[in-house]
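The sequence shown begins at 466 in this note's numbering and counts up by one.
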Amino acid sequence: MRRSKTCPICESGVRIVDYKDERSLSRFTTERGKILPARLSGMCARHQRQLSRAVKRARHLALVPYVKGTSR
466 MRRSKTCPIC ESGVRIVDYK DERSLSRFTT ERGKILPARL SGMCARHQRQ LSRAVKRARH
526 LALVPYVKGT SR
């Protein structure tokens, strides 16, 4: 049986995921800019919801790009 991953945000002791922290948000997005699912990132449901909300807010304010690495 596989051990479940522990939430990296719970481990670090952060209470709320901040949309202004681009470095931590980029850690949980793919190279294309998509949000990683909880089964890959190992996040708990509460922090996954906070992360998706924070990424969407950061995208809206142009802190994080909607799509990265497009070559057109």
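Backbone N, C-alpha and C define an ideal beta-carbon position, used for all residues, glycine too.
Check: Quick one: residues in its chain with C-beta nearer than 8 angstroms to the C-beta of cysteine 475, no 5 flanking neighbours on either side, listed in chain order?; Outcome: Cys509 and His512
Check: For arginine 504, collect the residues of the same chain with a Cβ closer than 6 angstroms to its Cβ; drop the 5 residues on either side in sequence, then sort them by chain order.; Outcome: none
Check: For arginine 482, which of Arg522, Arg468, Lys533 and Gly534 has the nearest alpha-carbon?; Outcome: In the sequence on display, residue 482 carries valine and not arginine. When each option's Cα is compared against that of valine 482, the closest is Arg522.
Check: So proline 473 is in the alpha helix (DSSP H); what residue range does that whole segment cover?; Outcome: 473 to 477
Check: Since glutamate 487 and valine 529 should fall inside the 8 angstroms C-beta cutoff, what is the C-beta to C-beta distance between them, to a whole number of angstroms?; Outcome: 6 angstroms
Check: How many Å lie between arginine 467 and glycine 507 at the Cα?; Outcome: 13 angstroms
Check: Comparing C-alpha positions only, which one of Arg514, His525 and Gly534 sits nearest to cysteine 472?; Outcome: Arg514
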